[in-house]
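Trainee: For the sequence shown, the numbering used here begins at 1202 and goes up steadily by one.
Handing you a structure now.
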Amino acid sequence: MTQTCRQCGICCEKWGWDQKGIIDDLIPWIAGNRQDILTHVLIRFSDGTYRTAADLVQADLSCVDRIYYWVDPDGKKRSSCPFFDRRSDGKVYCRIHDTKPAVCTGFTPWAEVWHDFGLICPACPDITP
Ligand code: SF4
Ligand code: SF4
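See below:
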């Protein structure tokens, strides 16, 4: 079944924070000098220390233990995604759409695994309890 996201933004508001990242998310951001994104990423390193990814380099990746989205530049957890943009047309746009993390690109509320969320996603009218 093909579904079309209506860009209502509910899923980004609900789950656009406190998400887990993967190393593959970080690689293009480091290569592209995307400090605007990396500064909002918190890293737990294998020695137990935490810092944002603002100055992360490729060589640090082997020491990354866990990746958290999203934080403020001081490392404090945010309760919203910094890239969430509701515009005058009423739709929500992702300001990093072309390079957003896997947790966002892979989110398909119409899939079985997200069944409970599919019930409130307006793009999922065909899903029944
Ligand atoms: S809740 Fe559904 S329609 Fe709304 S933005 Fe998310 S996927 Fe798109
Ligand atoms: S990065 Fe983009 S897709 Fe992901 S939660 Fe934020 S606004 Fe939504």
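Here a beta-carbon is modelled for each residue, glycine too, at the ideal position from N, C-alpha and C.
List, from N- to C-terminal side, the beta strand (DSSP E) runs of 3 residues or more that fit wholly inside the segment 1246-1316.
Mentor: DSSP runs (the beta strand (DSSP E)) wholly in the segment 1246-1316: 1251-1253, 1265-1270, 1285-1287 and 1293-1295.
Trainee: Rounding to the nearest angstrom, what Cα-Cα distance links T1238 and C1325 in this structure?
Mentor: It should be pointed out that residue 1238 corresponds to Ile in this sequence rather than to Thr. So the two alpha carbons sit approximately 30 Å from each other.
Trainee: Expressed to the nearest angstrom, what Euclidean distance is found between the alpha-carbon atoms of C1282 and I1321?
Mentor: C1282 and I1321: Cα-Cα distance of roughly 20 Å.
Trainee: Going by DSSP in three states, I1321 sits in which element: helix, strand or coil?
Mentor: Three-state result, I1321: coil.
Trainee: What are the boundary residues of the alpha helix (DSSP H) that C1212 is part of?
Mentor: I1211 to W1216 is the extent of the alpha helix (DSSP H) around C1212.
Trainee: Using C-beta distances below 8 Å, list every residue in its chain close to P1302, excluding the 5 sequence neighbours before and after it, in chain order.
Mentor: Excluding sequence neighbours, P1302 sits near Q1220, G1222, I1223, D1226 and Y1270.
Trainee: Excluding the five sequence neighbours on either side, which residues of its own chain have a C-beta within less than 7 Å of the C-beta of C1206, listed in chain order?
Mentor: Cβ within range, chain order: A1324.
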